[in-house]
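Residue numbers (our numbering), protein chains in the order written: chain F, 24 to 277; chain P, 66 to 535.
In this text, a Cβ means the ideal position worked out from N, Cα and C, and glycines have one as well.
Treat the numbers as computed from the prediction; the structure is a model and nothing was measured.
Given below as structure tokens:
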């Protein structure tokens, strides 16, 4: 683990830092302000929940951090790089190496088996075939999916699919895990299993986690910090009192 | 992404919608097949024409004449070089010199004369020519009835079909059905006929008319060589073969209807048309040849050989220009066949564009996912490109096989027709290896070009938009 030197460095440089970031769309005559001047700092190793009703801009903000979308104004700095200034090529590298994403609808490729889905980012990273298989199996073991590796996603339960998706997000050892309603399509028991896995990655691997959810209770149960959005604006940003006691990463909070 | 991964993913994606992609691939293969079929027929026809022309000697024969000779073969009188008076004589040493030139297979004098034959007590007047021994192995006497001369000096004769028919009194009218060679040859083979000829003898002494193998230059050293007497001789000849070789072809025995071994003709010292002139030209102490035929190893080397012979001071004549325009004709024919063949491929390429654009719509979400987990624009572009390329490669390979089959079927059909018309079967279709390779390569290139737009469109896809569809 590289946790010790990293923590010191990251005290000065946060994992994520947005500076008055905006994402406006033109939709016909009207201008949609999906994200409208949000400034947040997320220290390395923190577990943050982005809360808000649908249309509040929480997913749009996550997409900006993920490098899937570009801000129309302001800056998004992740690991010292301003994503607004990166080329399309470098943004792709950011998505490949720096962040791992998990979605509500799992977003697995239906024509590929579990292990092929997990391996896919390694193909983009040009990792040798010989190493890919063992890396993918390792990642799947970590999410507790040692079997059914050669099944297609449609043959798996929702929980198994989300585990596959988590393994895929971890495969390139990113520093950031971005989760968009990861339990939205799961029953509460399976959802809890997935959330426990995410918390485990946050705690044991020191991954910074940003999770989008509309469930206040879920956020309260797992996140260290709750950020509330409404109409593209930040309305509240508070440490989660409930989880502070149980957190091992004291240095994470500035 | 690595090339292997790219190919693997491309093939996997193509297999996901087997029907649509197979149909597109079949479309490409039909395009390639029409291209290959057209070109293979064009190439086959060209080879057929070339084969025929090579047989006629058009492609590989240079006719050499002396500049001293008044009867110039070439319409282009002024070929430059030495003035007629200074140019060398076309005699035996010159012939040997020409034969030693690079790219020359052989150089032989055209010995021919008009004389009379007696067969079945009836006289027949015709042109006789000497045939070099090399004709035994080349294909000029293809389809000969009987056999070639048993040796270079044996008193044997091969008859041209029309003369053979004349001997039998079967002169056929033009336009009437041709009598097969075999039928004419049967009663003649093995029979004897008598040739009457005029021998050129040195005036100083008598010589044995049957002294075979004596070289013409034997008596050349004698100062009296320019004077000679003419003695009438008779020689019994055995008919060994009948050929339907076109007497008007360029190769060797031009317009001759009776063919004798060249060495035999040389040993007979038959008075040549040039002999009379030799006596009037003081410089010439040696019998000269009116023309020498030079066979070139490779039709492509005709120009080189011609130039070398011209440098020696002779006039040359070949059908090079005629073959050039023939080649130009076939180049244009192939071009047109190729263009028609390519039209189907152009239609097929629209199919590729359509299939790939459909695939983008269908795999919109998949593209979004790939981008979200780190695929660059380039990766997505390359993937669609690879899919186009794989379809092109498969379609190309399939198309070559299909085109080969179509060409073969046309060939078989043509031969069935030719057979009905009592004509010999001909190979009018040929698929060279370069055509196989370039057809597949062309199919891949066309597919890749067709993939340009869809690939660019897929790469531009906004992942946020693509993933929004739930």
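Inset, instruction - Look up residue 266 of chain P in the DSSP assignment and say whether it is helix, strand or coil. - result: As a working mapping, residue 266 of chain P is identified with position 201 in the second chain. In this structure, residue 266 of chain P counts as strand in the three-state DSSP scheme.
Legend entry - Distance, residue 435 of chain P Cα to residue 179 of chain F Cα: As a first step, residue 179 of chain F must be located in the first chain, where it is residue number 156. As a first step, residue 435 of chain P must be located in the second chain, where it is residue number 370. If I take the Cα positions, the gap works out to 20 Å.
Inset, instruction - Would you tell me roughly how many angstroms separate the C-alpha atoms of residue 356 of chain P and residue 337 of chain P, rounded to the nearest one? - result: Walking along the second chain from the start, residue 356 of chain P turns up at place 291. Walking along the second chain from the start, residue 337 of chain P turns up at place 272. Going by the C-alpha atoms only, they are around 11 Å apart.
Legend entry - Residue(s) in a DSSP beta bridge with residue 235 of chain P: In the second chain, counting from the first residue as 1, residue 235 of chain P sits at position 170. Partner residues in a beta bridge of residue 235 of chain P, as assigned by DSSP, do not exist.
Legend entry - Cβ-Cβ separation, residue 448 of chain P to residue 74 of chain P (assumed contact under 8 Å), whole Å: Locating residue 74 of chain P in the second chain gives position 9, where the first residue counts as 1. Locating residue 448 of chain P in the second chain gives position 383, where the first residue counts as 1. About 6 Å separates the beta carbon of residue 74 of chain P from that of residue 448 of chain P, a gap short enough to meet the 8 Å contact definition.
Legend entry - Other residues of its chain near residue 167 of chain F: CB distance less than 7 Å, five sequence neighbours each side excluded: By one-based count along the first chain, residue 167 of chain F stands at place 144. Correct list, in chain order: 186.
Inset, instruction - Starting from residue 258 of chain P, follow its DSSP beta bridges and name the residues at the other end. - result: Against the second chain, residue 258 of chain P aligns to sequence position 193. Note: residue 258 of chain P sits in a beta bridge opposite P:302.
Inset, instruction - Locate the alpha helix (DSSP H) running through residue 97 of chain F, then write down its first and last residues. - result: Indexing the first chain from 1 puts residue 97 of chain F at position 74. Not the alpha helix (DSSP H): residue 97 of chain F falls in the beta strand (DSSP E), residues 96-101.
Inset, instruction - Count the other CB atoms, across all protein chains shown, that sit within 10 Å of the CB of residue 141 of chain P; report buried if there are 16 or more and exposed otherwise. - result: Here residue 141 of chain P refers to the residue found at position 76 when the second chain is read from its first residue. Below a pLDDT of 50, predicted positions are generally treated as unreliable, and residue 141 of chain P, at 49, falls in that range; no measurement from the model is reported.
Inset, instruction - Determine the direct distance from the alpha carbon of residue 493 of chain P to that of residue 135 of chain F, and round the result to whole angstroms. - result: Locating residue 135 of chain F in the first chain gives position 112, where the first residue counts as 1. Locating residue 493 of chain P in the second chain gives position 428, where the first residue counts as 1. Residue 135 of chain F and residue 493 of chain P have their C-alpha atoms some 50 Å from each other.
Inset, instruction - Can you grab the Cα-Cα spacing for the pair residue 321 of chain P / residue 91 of chain P, in whole Å? - result: Working through the second chain from its first residue, we reach residue 321 of chain P at position 256. Working through the second chain from its first residue, we reach residue 91 of chain P at position 26. In a straight line, the C-alpha of residue 321 of chain P is about 58 Å away from that of residue 91 of chain P.
Inset, instruction - Select from the stretch 95-115 of chain F all residues with a C-beta closer than 8 Å to any C-beta belonging to chain P, and list them in chain order. - result: Only 111, 112, 115 from the stretch 95-115 of chain F bring a Cβ to less than 8 Å from some Cβ of chain P.
Inset, instruction - Look at the Cβ atom of residue 91 of chain F, then the Cβ atom of residue 519 of chain P, and state whether they are nearer than 7 Å. - result: If you number the first chain from 1, residue 91 of chain F lands on position 68. If you number the second chain from 1, residue 519 of chain P lands on position 454. The answer is no: Cβ separation not under 7 Å.
Inset, instruction - Output yes if chain F places a C-beta closer than 7 Å to the C-beta of residue 66 of chain P; else output no. - result: One-based indexing of the second chain puts residue 66 of chain P at position 1. At least one CB of chain F lies nearer than 7 Å to the CB of residue 66 of chain P.
Inset, instruction - Starting from residue 124 of chain F, follow the beta strand (DSSP E) in both directions and report where the run begins and ends. - result: Stepping through the first chain from its first residue, residue 124 of chain F is reached at position 101. Segment 122-126, the beta strand (DSSP E) holding residue 124 of chain F.
Legend entry - Inter-residue spacing [alpha-carbon to alpha-carbon] between residue 310 of chain P and residue 218 of chain P: By one-based count along the second chain, residue 310 of chain P stands at place 245. By one-based count along the second chain, residue 218 of chain P stands at place 153. Using only the alpha carbons, I get a separation of about 22 Å.
Legend entry - Chain-ordered chain P contacts of residue 88 of chain F [CB-CB under 9 Å]: As a first step, residue 88 of chain F is located in the first chain; it is residue number 65 there, counting from the start. By Cβ distance, chain P contributes nothing, its closest Cβ being about 13 Å from residue 88 of chain F, past 9 Å.
Inset, instruction - Run down chain P in chain order and give the residues with a C-beta less than 7 Å from the C-beta of residue 92 of chain F. - result: Counting from one through the first chain, the residue named residue 92 of chain F turns up at place 69. Near residue 92 of chain F (Cβ distances below 7 Å), the residues of chain P are 529.
Legend entry - C-alpha distance - residue 401 of chain P paired with residue 190 of chain F, whole-angstrom precision: As a first step, residue 401 of chain P must be located in the second chain, where it is residue number 336. As a first step, residue 190 of chain F must be located in the first chain, where it is residue number 167. Taking the straight line joining both Cα atoms gives about 58 Å.
Inset, instruction - Tell me whether the beta-carbon of residue 467 of chain P lies closer than 7 Å to the beta-carbon of residue 215 of chain P. - result: Mapped onto the second chain, residue 467 of chain P falls at position 402. Mapped onto the second chain, residue 215 of chain P falls at position 150. Against a cut-off of 7 Å, the Cβ pair of residue 215 of chain P and residue 467 of chain P comes out as no contact.
Inset, instruction - Return the residues of the stretch 435-465 of chain P that lie within a Cβ-Cβ distance of less than 8 Å from chain F, sorted by chain order. - result: Under the 8 Å Cβ criterion, the stretch 435-465 of chain P contributes 435, 436, 437, 438, 439, 440, 441, 442, 443, 444.
Inset, instruction - Measuring alpha carbon to alpha carbon, tell me which of P:324, P:174, P:107, P:413 ends up nearest residue 87 of chain P. - result: By 1-based counting over the second chain, the position of residue 87 of chain P is 22. It is P:413.
Inset, instruction - Using a Cβ cut-off of 7 Å (strictly closer), state whether residue 81 of chain P contacts chain F. - result: In the second chain, counting from the first residue as 1, residue 81 of chain P sits at position 16. Answer yes: the Cβ-Cβ gap between residue 81 of chain P and chain F drops below 7 Å somewhere.
Legend entry - Endpoints, the beta strand (DSSP E) within which residue 261 of chain F is located: Taking the first chain and counting its residues from 1, one reaches residue 261 of chain F at position 238. Counting along the chain, the unbroken beta strand (DSSP E) around residue 261 of chain F starts and ends at 256-262.
Legend entry - Distance CB(residue 55 of chain F)-CB(residue 88 of chain F) smaller than 7 Å: Your numbering for residue 55 of chain F matches position 32 in the first chain. Your numbering for residue 88 of chain F matches position 65 in the first chain. In this structure, residue 88 of chain F does not lie closer than 7 Å to residue 55 of chain F by Cβ.
Legend entry - residue 431 of chain P: contacting residues in chain F (beta-carbon distance under 7 Å): Here residue 431 of chain P refers to the residue found at position 366 of the second chain. 132, listed in chain order.
Legend entry - Reference residue 245 of chain F; option with closest CA among F:228, F:65, F:234: Position 222 of the first chain, counting from 1, holds the residue named residue 245 of chain F. Checking every option, the nearest Cα to that of residue 245 of chain F belongs to F:234.
Inset, instruction - Kindly indicate if chain P contains any beta-carbon less than 7 Å away from that of residue 124 of chain F. - result: Position 101 of the first chain, counted from the start, is the residue given in the question as residue 124 of chain F. Closer than 7 Å to some Cβ of chain P, the Cβ of residue 124 of chain F qualifies, so yes.
Inset, instruction - Look at the Cβ atom of residue 97 of chain F, then the Cβ atom of residue 42 of chain F, and state whether they are nearer than 7 Å. - result: To locate residue 97 of chain F, count along the first chain from 1; it is residue 74. To locate residue 42 of chain F, count along the first chain from 1; it is residue 19. Contact flag set, yes.
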